[in-house]
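Number of protein chains: 4
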Amino acid sequence: MKNVPFKGVIAYPITPFDTNEKVDIDLFKKLLERLIRNGSHGIAPLGSTGVLPYLTDQEKEAITEATIQQVNQRLPVLVGVSNLTTERTVHHAKFAEKAGATAVMIIPMSYWKLTDDEIVRHYDTVAKQISIPIMAYNNPATSGVDMSPALLKRLLEIPNVTMIKESTGDVQRMHYLRKELGEDVAFYNGSNPLALAALSAGAMGWCTAAPNLIPELNIALYDAIQENDLRYAQDIFYKQINLLKFIVNKGLPRAVKAGLAILGEEGGNLRSPLKPLTDIEKSELKTILEKSKHGIENVIG
Amino acid sequence: MKNVPFKGVIAYPITPFDTNEKVDIDLFKKLLERLIRNGSHGIAPLGSTGVLPYLTDQEKEAITEATIQQVNQRLPVLVGVSNLTTERTVHHAKFAEKAGATAVMIIPMSYWKLTDDEIVRHYDTVAKQISIPIMAYNNPATSGVDMSPALLKRLLEIPNVTMIKESTGDVQRMHYLRKELGEDVAFYNGSNPLALAALSAGAMGWCTAAPNLIPELNIALYDAIQENDLRYAQDIFYKQINLLKFIVNKGLPRAVKAGLAILGEEGGNLRSPLKPLTDIEKSELKTILEKSKHGIENVIG
Amino acid sequence: MKNVPFKGVIAYPITPFDTNEKVDIDLFKKLLERLIRNGSHGIAPLGSTGVLPYLTDQEKEAITEATIQQVNQRLPVLVGVSNLTTERTVHHAKFAEKAGATAVMIIPMSYWKLTDDEIVRHYDTVAKQISIPIMAYNNPATSGVDMSPALLKRLLEIPNVTMIKESTGDVQRMHYLRKELGEDVAFYNGSNPLALAALSAGAMGWCTAAPNLIPELNIALYDAIQENDLRYAQDIFYKQINLLKFIVNKGLPRAVKAGLAILGEEGGNLRSPLKPLTDIEKSELKTILEKSKHGIENVIG
Amino acid sequence: MKNVPFKGVIAYPITPFDTNEKVDIDLFKKLLERLIRNGSHGIAPLGSTGVLPYLTDQEKEAITEATIQQVNQRLPVLVGVSNLTTERTVHHAKFAEKAGATAVMIIPMSYWKLTDDEIVRHYDTVAKQISIPIMAYNNPATSGVDMSPALLKRLLEIPNVTMIKESTGDVQRMHYLRKELGEDVAFYNGSNPLALAALSAGAMGWCTAAPNLIPELNIALYDAIQENDLRYAQDIFYKQINLLKFIVNKGLPRAVKAGLAILGEEGGNLRSPLKPLTDIEKSELKTILEKSKHGIENVIG
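Protein chains in written order, with our numbering: chain A, 14 to 314; chain B, 14 to 314; chain C, 14 to 314; chain D, 14 to 314.
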């Protein structure tokens, strides 16, 4: 049996910056603690939400260590270690393992579109240098390469590639993974607006930045599916769909930061060229958040 | 309250041709009777499956009359009356109403991409000439125009446009329809591989040619959703997904005809330029059908 | 050597309707005469511009006969005979030949996406029933099927398929046709904004509705290329690019009709669901036309 | 008048690596010298061809200095300084200016899709810190963001943004730039297979890695256009189109390295995950190169 240490709602923290655009580790830990206390089933630093590609090696290492320390074994930790070069990916994967990560997530970043063989060799090289499991992540919108189901199948033949995160937003990919790769394959949804469809299709978990803003609704959706209560899951989903779409459309780091401010929480600054939402966008988000909160009281409270 | 006479599995018959490529009305009635007896909740002649655009006006009228006669009020009948010109659409809509159709389905066929205003005027002109409800059908792959959610909202303001069939295959459209247009809006899924996701999202019915081949599985899926049993729905769906994908990929008229032959049923000929599946494709279909049938026994029988 | 009776600017007339949306043959002939007198090198009735798919069989036949009669052998005539069914395509191709057409143009219309084999068989069936040459027309935006260069190569093996009209708007297709199929292959540009690039790439002609409005500029562009004067061709092209883009974006029948009115010419009505341009669009067209006319005087006059 | 120091064929060197995947500066200089001697009109290190995003800051600086030194004012030098963060982009732009670069090239790299305002602010921040001109580079395939013509227009309002490189491969963008932004705007073609169409449309230069392999053909094409000899330009273009398509399809660094080996030149290694072409691909490239060389003799020699 493959080593699959994640299920449920896997929460993605943002990486906050101070006014000089330096990483603010203290604030990062505070934001992490919120996610843990609000019921997330796993924590995933250095994802897209955490603006991984905008950080230096030293910053990535500091974030990795801060996460392991703050989580302190209360939840499994999935560290993003993706890099354009194989050499740097190996470096960060080894660092994460040594620091105590439960698993690493790797997306095949590509400036030059990689061939299938290059991608397999990339994962294989990293996999041989670590003992913890790898989640292969498919997100053509950010990586520039769309890993076909056939390629994902090849990656799963590497012993410690045990999990797949799919963010194309196409539910047919979920069907393929389940139908063709067997019920054993652990696949996770990375497309927020697809949460209901993906969990209905059998996804083992949901990788999401939404718990920074509406953790109760996210977890209630997952629980409803677990309890085989589709009708309730549908209700809960329609309470959060507008928020899920908004944060994806505006970019997760920008939207989460703006949402935290609306909730009265400190979220820090962004690193340029990323800039805050406009006032109109913030006001739109405020309305959506309030309606969602109202939904929480009605449905859960 | 809007007049919404359809729910559940709405079955689409093929239009069979004889060896001279003339419509075979007797065989059509036999195929219709199979669909009725196998438990369909509605019948929809002259859809894409029924190769509507390849027929003459006289042939369309003969099929309409044959359907009403054969169904004989046992089920509601949804007649396709789409045409490139408004004048012909009105003609066929009036004919269908007079013949006894429960409702008509209209897709905005477009050689020249229509503007939103032209589409609204097209539906409005037809709607004013009939009293039965209209199902507006969105399928950019065949019509050449993708009706935005905003346009669908405008169409629903026309009193007898009461139903929407969505075939883009994007579950987010379903979410929009339910969330933005309210729980009253009756929307139907027209994309076979999206059946589980669409019904999970609250679709009122499923417009499909699949009951020509695997009616038990199609109806069992709908029933499981009705009984709020997601886990069983998922099982049932994964038994039929390969068949659903196959018939869509190969073209419904070709695939249904080939499937009928495999099941030992007479399905007639196609009209040129459409040609039968190749032997390799037929053999692939045979394997998929057999596995589905095995699925039926295991899950239902 | 293949029979290739067309080169240069092949002009597409609109099909005008009267106030009852009936075809107005007298007006059609008047519009045809303008195109002939303004220097077009060929005439192509029943194209997209002529709203072929919105016409009845009788109307198509009347237009065919009116064209042959009016042109009266002054120019070669290319009659559009495309139809969804093979049987009707054969019918209209034979009619056109008998009426005196120089060649026929056939696009593989497809409601159900046709396979390559079906398309080849479709063309082959028609080709065997006529002696005049066939222009194969690729325009995925209106036909729903994109014929690959490999498929076009197969079609050219049919003896009387001697010409290819490419309307994808991708100049790389032109390069392929010239490079892979040899200098003998006669290919024509059907994408107006691609006129300069296509003629620079070696296209033998330009199939266009623009001569209804700016014949001098269209013909001057072709002539400049013939005279190997790229710099002048570039100048002439930039005088007309805005008009070419406008008529494509708004739909050729709508835009040509509006342009004729601006020029003080009778253009008749459209057939529903097609509707006239809005006042704002007409005013935009007026400005573009005036600037083009100014361009003509400066460059040519 | 804007400061536009480039025209003609701007050659992109690869960045060669040794067997330990370290940058090989000596070999880089040798490759640079070949490009200079073979007639290029400008040199552009640290482009996509030079695998900019796979290099460390130190490596980028070493390449910049080596280029300035080797070129030694024989040709203008365009240094790529793009980076995900604004801070690093400023750093490298200032470094390039100080080192003696003629201009810098900046593509708005984006992991998170940038808004138009963010992109303008990004360029503006960099522009204010340097005095040399900036070439704004649009290539959605590698940057993840497609700068609209309207956005490019805004960028050109920044005083030292004086040049635009377009790599979408859509010739209509060239038309827009010339028509809407005026004859003053210096735009360059970055899509190799579009070379003929772009130069015919008035592009001021061609940014290309092809001179690493077929400099005579590249320069002959540019010269023919300058001499207003379209017919010869067409001939020359068709001699090289297959090579241009091949190097783009296979990825410029991989293809150029393989091509150099075929020509008997040392090209060094690639950095992982990028891997060499397969033997079949190399053999295909050999055939294409030989046919091109034959073309050179026939047409030029």
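Each residue gets a CB set at the ideal place from its N, CA and C atoms; glycine is no exception.
Taking the straight line between their C-alpha atoms, what separation do you get for proline 18 of chain A and isoleucine 275 of chain A? So the alpha carbons of these two residues sit roughly 34 Å apart.
Let me see if you follow: with CB-CB separation under 8 Å, is arginine 134 of chain A close to chain D or not? A Cβ of chain D is located within less than 8 Å of the beta carbon of arginine 134 of chain A.
Tell me, please, which residues DSSP counts as bridged to isoleucine 147 of chain C. BP columns for isoleucine 147 of chain C point to C/Val117 and C/Val174.
Below 8 Å between beta carbons: does that hold for leucine 190 of chain D and glutamine 247 of chain D? Between leucine 190 of chain D and glutamine 247 of chain D, the C-beta spacing is not below 8 Å.
According to DSSP, valine 84 of chain B sits in a beta bridge with which residue or residues? Beta-bridge pairing links valine 84 of chain B to no other residue.
How many Å lie between histidine 54 of chain C and aspartate 137 of chain C at the Cα? Approximately 28 Å between the Cα atoms of the pair.
Check the C-beta distance from glutamate 100 of chain A over to glutamate 34 of chain D and give it rounded, since I have them as a contact under 8 Å. About 7 Å separates the beta carbon of glutamate 100 of chain A from that of glutamate 34 of chain D, a gap short enough to meet the 8 Å contact definition.
Alpha carbon to alpha carbon, how far is glutamate 229 of chain D from asparagine 85 of chain D? Give it in angstroms, no decimals. Their Cα atoms are separated by approximately 23 Å.
Chain C within 8 Å of tryptophan 125 of chain B, Cβ atoms only: Look at tryptophan 125 of chain B: its C-beta is under 8 Å from a C-beta on chain C.
Is it the case that the stretch 284-302 of chain A contacts the stretch 180-196 of chain B, given that we only count it when at least three CB pairs across the two stretches are under 8 Å? With the rule of 3 Cβ pairs closer than 8 Å, the stretch 180-196 of chain B does not count as touching the stretch 284-302 of chain A.
Tyrosine 235 of chain B to isoleucine 249 of chain A, Cα distance in whole Å? Taking the Cα positions, tyrosine 235 of chain B is about 21 Å away from isoleucine 249 of chain A.
Any idea what DSSP makes of leucine 164 of chain D, helix, strand or coil? Three-state result, leucine 164 of chain D: helix.
Quick check for students: name the residue ranges of the alpha helix (DSSP H) that lie wholly in the stretch 176-258 of chain B, counting only runs of 4 or more. Unbroken alpha helix (DSSP H) runs of no fewer than 4 residues, entirely contained in the stretch 176-258 of chain B, are found at 184-194, 208-213 and 228-239, following chain order.
Under the assumption that asparagine 96 of chain C contacts methionine 122 of chain C (Cβ atoms under 8 Å), give the Cβ distance between them as a whole number of angstroms. Contact holds; Cβ gap of about 7 Å.
Please go through the same chain and pick out, in chain order, the residues whose beta-carbon is closer than 6 Å to the beta-carbon of proline 206 of chain A, but skip the five residues on each side of it. Result list for proline 206 of chain A: Leu257 and Lys258, in chain order.
Compute the beta-carbon to beta-carbon distance between alanine 116 of chain C and isoleucine 147 of chain C, rounded to the nearest angstrom, for a pair I have assumed lies under 8 Å. The pair is a contact, with the Cβ atoms about 7 Å apart (cut-off 8 Å).
When the distance is taken between beta carbons, is aspartate 39 of chain D closer than 8 Å to phenylalanine 30 of chain D? For phenylalanine 30 of chain D and aspartate 39 of chain D, no; Cβs fall outside 8 Å.
With 8 Å as the threshold, decide whether the Cβ of aspartate 130 of chain D is near any Cβ in chain A. For aspartate 130 of chain D, the answer is yes, since a Cβ of chain A falls inside 8 Å of its Cβ.
Examine chain D for any beta-carbon lying closer than 8 Å to the beta-carbon of glycine 316 of chain A, and answer yes or no. Nothing can be reported for residue 316 of chain A, as the shown portion of chain A is limited to 14 through 314.
Does the separation of the CB atoms of glutamate 131 of chain D and leucine 65 of chain A fall below 8 Å? For glutamate 131 of chain D and leucine 65 of chain A, no; Cβs fall outside 8 Å.
Compute the Euclidean distance between the alpha carbons of threonine 175 of chain C and proline 58 of chain C, then round it to the nearest angstrom. Approximately 19 Å, taken between the alpha carbons.
Please decide whether arginine 167 of chain D counts as near chain A, where near means a Cβ-Cβ distance under 8 Å. Not closer than 8 Å to any Cβ of chain A, the Cβ of arginine 167 of chain D fails to qualify, so no.
Is the beta carbon of valine 22 of chain D less than 8 Å from the beta carbon of isoleucine 232 of chain D? Yes, these two residues count as a Cβ contact at 8 Å.
Does the Cβ of arginine 244 of chain B have 16 or more other Cβ atoms within 10 Å, making it buried, or fewer, making it exposed? Arginine 244 of chain B should be labelled exposed.
Against isoleucine 301 of chain B, what residues of chain A qualify as contacts under a CB-to-CB distance less than 7 Å, listed in chain order? Chain A residues near isoleucine 301 of chain B: none, gap ~12 Å exceeds 7 Å.
Going straight from the alpha carbon of aspartate 129 of chain D to that of proline 162 of chain D, what length do you get? So the two alpha carbons sit approximately 11 Å from each other.
Is there at least one Cβ from chain C nearer than 8 Å to proline 18 of chain D's Cβ? So, not an interface residue.
Could you tell me whether the Cβ of arginine 284 of chain A comes closer than 8 Å to any Cβ of chain D? Yes, contact with chain D.
May I ask you to list, following chain order, the residues of the stretch 95-111 of chain A that have a beta carbon less than 8 Å from some beta carbon of chain D? Cβ proximity to chain D below 8 Å picks out Leu97, Thr98, Thr99 and Glu100 from the stretch 95-111 of chain A.
To the nearest angstrom, how far is it from the Cα of isoleucine 27 of chain B to the Cα of glycine 60 of chain D? Each residue's Cα considered, the two are about 57 Å apart.
Would you be able to state if there are at least three C-beta pairs under 8 Å between the stretch 177-187 of chain B and the stretch 157-173 of chain A? Too few Cβ pairs lie closer than 8 Å, so no.
Excluding the 5 residues flanking arginine 267 of chain D on each side, which residues of the same chain have their C-beta closer than 8 Å to its C-beta? Here the set comprises Leu283, Leu287, Lys288, Pro289 and Leu290.
Inter-residue Cα distance where the pair is leucine 226 of chain D and glycine 280 of chain D: In this structure, the CA atom of leucine 226 of chain D is about 11 Å from the CA atom of glycine 280 of chain D.
Below-8 Å beta-carbon distance, isoleucine 23 of chain C vs any chain B residue: Answer no: the Cβ-Cβ gap between isoleucine 23 of chain C and chain B never drops below 8 Å.
Verify the CB distance criterion: does glycine 264 of chain A have a CB-CB separation below 8 Å to chain D? With 8 Å as the cut-off, glycine 264 of chain A counts as an interface residue toward chain D.
Backbone secondary structure at leucine 91 of chain C - three-state DSSP: Of the three classes helix, strand and coil, the one that applies to leucine 91 of chain C here is strand, per DSSP.
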